[in-house]
Amino acid sequence: MIHYENVHKAFDLPVLSGVTMSVHEGEMFALFGPSGTGKSVLLKSTIGLIRPDRGHVRVAGESVFQGGKDTLERIRRKAGYVFQHSALFDSLNVHDNVLMGLPEDELRGERGVRASRRVWDALELVNLEPTQVLGKLPAELSGGMKKRVGIARAIVGHPQILLWDEPTTGLDPVNTAAVERLIMRLSRELETTSLLVTHDVEGGLEMCDRVAMLDGGLVRFCGSPEEFRESPDPVVQAFVDRAAAEAALDLAGDPSGLA
Amino acid sequence: MNGAVARPVTGFLGGFGRVGRLVVEHAGAMGQLLWSAALATVRMKVSFREVVTQMYVMGIQSLPIVLVTASLAGIVTSQQGGYQFQGNLPLYVLGSLVVQTMVLEMGPVLTAVVLVGRVGARITAELGTMVVSEQIDAYHSCGRDPVAILVAPRVIAGTLAMPLLVAIADVVGILVGMFAAKLTTGLGYEAFLYGARLFWHSWDLLYSLTKAFAFGFAIPLISTHMGLRTGGGAAGVGSQTTAAVMFMTLTILVLDAMMPPLMLQ
Ligand SMILES: Nc1ncnc2c1ncn2[C@@H]1O[C@H](COP(=O)(O)OP(=O)(O)O)[C@@H](O)[C@H]1O
Ligand SMILES: [Mg+2]
């Protein structure tokens, strides 16, 4: 479904130096890696937000960077993108934010009525009460609610592919668990292919069919969660151990004991 | 000895080279931005409501500060002119001085400089924040064109609002200058207007509004261009806004200097 082939990207310093990786149709795929290794850059290249210096990205059989504008538009319609910091439009209320997730030609005329209905459904899917949030501006929402609205915007167009950029970063343990349940449920109900970038290694290993780890601009590991846990690679081991220690710390530090 | 002199000189010339490259690069990028905005406009992708909103923000909301600066410019020109002319020239020449100064220079340039601070800086900071908070990426991911949504309405609104603001500034500056002349030098309104008519060409008004048009176009174009090129988090928004204010102010002064040879022959 998604193929990265020898993807290179440098800003001031090299970030990606030859990433080759595939996400199969219908699977849930987690991508780990220390911060600053280019996970977001790779995710953004999937829908053409960042152009690699070298290499190919193919989505659903089409080349993201060689097909021209129409191809890019088609790919963007197929994919929903959940941004790391929600990236809600400040000046639009929740209804209009989610509406942006639908293609422009589905908003006109009588289809506009159906569009509002779909916004409503999407908000219910992410466990928000539509009557309470529809008219609110992003500034009036809590961090966890913003995340949900961002997810609603990504799923409202019923995408075949969902790209998640650290959907649980910055959330407290209760919200983290809730959002992770949401990711699982949505991927199953909407039958999407999901690529999940996350720092929550334990959560990712539990949820996903396959996982990969990016390090030093390359794919350091790609395989099943069990293989990842038992990998003899010392870099992967150190990463798993550190993640486990952090998870334990989170648990111990959570006063509600609900995590 | 030679080397000690040569190094600062080549450094100085190298600086010019860098600035030149920078100017060419920005001009190219702004040309592209303008082209995309024009395409979005002719394809009817620009929301009329957003243009009206932006005209309200740029025009109506700027009116108080524009009125204050125009009034002060009228007062100062009138008083300083009166001080210079007293005992040397017939006082009614003051009418011409105030009118010509306001219409040719102060009205357009002061209004533009005020709008750089009030409107331009705000646009750069707003769009810059949208870049670093990934809202621009979000527009693309939703299949929307941020140039049609953010850039085109601001450029259209600025180009339309500025001539109106400058016309108001011209009139207010002249009227306040006339009152000030009466109060400080005792010059009557009749004499003031007689002096004003003596050197008046209707071309001058067109000149004033052409300047306004150029400035009203440049401010939103530069500020949106700079905003969309922001990088590097909150600090990036700050430094980019400062750079945009410098860029816009310089552009206005350069355009202002280019106008006389182009239009006043
Ligand atoms: N638009 C950009 N301009 C310049 N540098 C960038 C840009 N986007 C990402 N980078 C740099 O690329 C590197 C990887 O960033 P990112 O993909 O966000 O890392 P992460 O793996 O934490 O998501 C970082 O060093 C970042 O500074
Ligand atoms: Mg990231």
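Listed in order, the protein sequences are those of chains B and R.
Plus 4 on top of the position in the first sequence (first one is 1) and you've got the numbering used here.
Plus 741 on top of the position in the second sequence (first one is 1) and you've got the numbering used here.
We treat Cβ as the ideally placed atom computed from N, Cα and C, and that holds for glycine.
- Membership of E9 of chain B in the beta strand (DSSP E) is indicated by the continuous run I6 to A14.
- Taken atom to atom, the span from the alpha-carbon of Q164 of chain B to that of V783 of chain R is near 33 Å.
- Judged by beta-carbon spacing, G161 of chain B lies beyond the 9 Å limit of G72 of chain B, meaning their Cβ atoms are not closer than that value.
- Between L111 of chain B and P142 of chain B, the gap from beta carbon to beta carbon reaches 9 Å or more.
- Proximity to V850 of chain R across R:Y930, R:L916 and R:M903 peaks at R:M903, based on C-alpha coordinates.
- Counting of Cβ neighbours within 10 angstroms places W168 of chain B among the buried residues, the total reaching 16 or more.
- In the three-state DSSP reduction, V86 of chain B falls in the strand class (E or B).
- For the region 176-225 of chain B, the full-length alpha helix (DSSP H) segments reaching 4 residues or more read 177-193 and 205-211 along the chain.
- For S874 of chain R, the C-beta contacts it makes with chain B under 7 Å involve H89 and A91, in order along the chain.
- Under the criterion of beta carbons closer than 8 Å, A908 of chain R and L947 of chain R do not qualify as touching, at roughly 11 Å.
- If you draw a straight line from the Cα of S146 of chain B to the Cα of S49 of chain B, it comes to about 29 Å.
- When C-beta distances to chain B are compared with 7 Å, the residues of the region 876-896 of chain R below that value are Q876, D878, A879, H881, S882, C883, G884 and R885, in chain order.
- A residue is listed when its beta-carbon falls short of 6 Å from at least one non-hydrogen atom of ligand 1; in chain order these are B:F15, B:V19, B:G37, B:S39, B:G40, B:T41, B:G42, B:K43, B:S44, B:V45 and R:G972.
- A straight-line Cα-Cα distance of about 11 Å links A984 of chain R and A866 of chain R.
- As computed with DSSP, W168 of chain B is found in a beta bridge with B:V86 and B:L200.
- Assignment of H28 of chain B by DSSP, reduced to helix, strand and coil, places it in the coil class.
- Spatial neighbours of F232 of chain B in its own chain (CB-CB distance under 8 Å, excluding positions within 5 residues in sequence) are listed in chain order as L209, V215, M217, F225, V240 and V244.
- Counting only Cβ-Cβ distances below 7 Å, Y8 of chain B has no contacts in chain R at all, with the closest Cβ about 18 Å away.
- In the displayed model, P18 of chain B falls within a strand according to three-state DSSP.
- F93 of chain B carries a coil assignment under DSSP once its states are collapsed to helix, strand and coil.
- R:L845 is the residue among R:H966, R:M987, R:G822 and R:L845 whose C-alpha sits nearest the C-alpha of K952 of chain R.
- By the criterion of at least three beta-carbon pairs nearer than 8 Å, the region 30-49 of chain B is in contact with the region 187-203 of chain B.
- Closer than 9 Å at the C-beta level to chain R, one finds these residues of the region 107-129 of chain B: P107 and E108.
- Within the region 45-69 of chain B, the residues whose Cβ lies closer than 8 Å to any Cβ of chain R are, in chain order, K48, I51, G52 and L53.
- At a cut-off of 9 Å between C-beta atoms, G105 of chain B counts as an interface residue with respect to chain R.
- Selection R:T990, R:D945, R:V896 and R:A770 evaluated against Q1006 of chain R yields R:D945 as nearest (Cα-Cα).
- For E133 of chain B, none of the residues of chain R pass the 7 Å Cβ criterion, the least Cβ distance being about 24 Å.
- In this structure, the CA atom of E77 of chain B is about 6 Å from the CA atom of G884 of chain R.
- Excluding its 5 nearest sequence neighbours in each direction, Y930 of chain R has C-beta neighbours in its own chain below 8 Å: M919 and K923, listed in chain order.
- By the criterion of at least three beta-carbon pairs nearer than 8 Å, the region 817-827 of chain R is not in contact with the region 888-896 of chain R.
- Sequence-distant partners of D57 of chain B (beyond 5 residues in either direction) whose C-beta falls short of 8 Å from its own C-beta, in its chain, are H12, K13 and A14.
- Beta-bridge pairing by DSSP links R122 of chain B to no other residue.
- The closest CA to that of S980 of chain R, considering only R:A862, R:L905, R:G752 and R:P831, is found on R:A862.
- With respect to chain R, the C-beta atom of E77 of chain B has a partner C-beta closer than 9 Å.
- Using a Cβ distance threshold of 9 Å, G936 of chain R and G836 of chain R count as a contacting pair.
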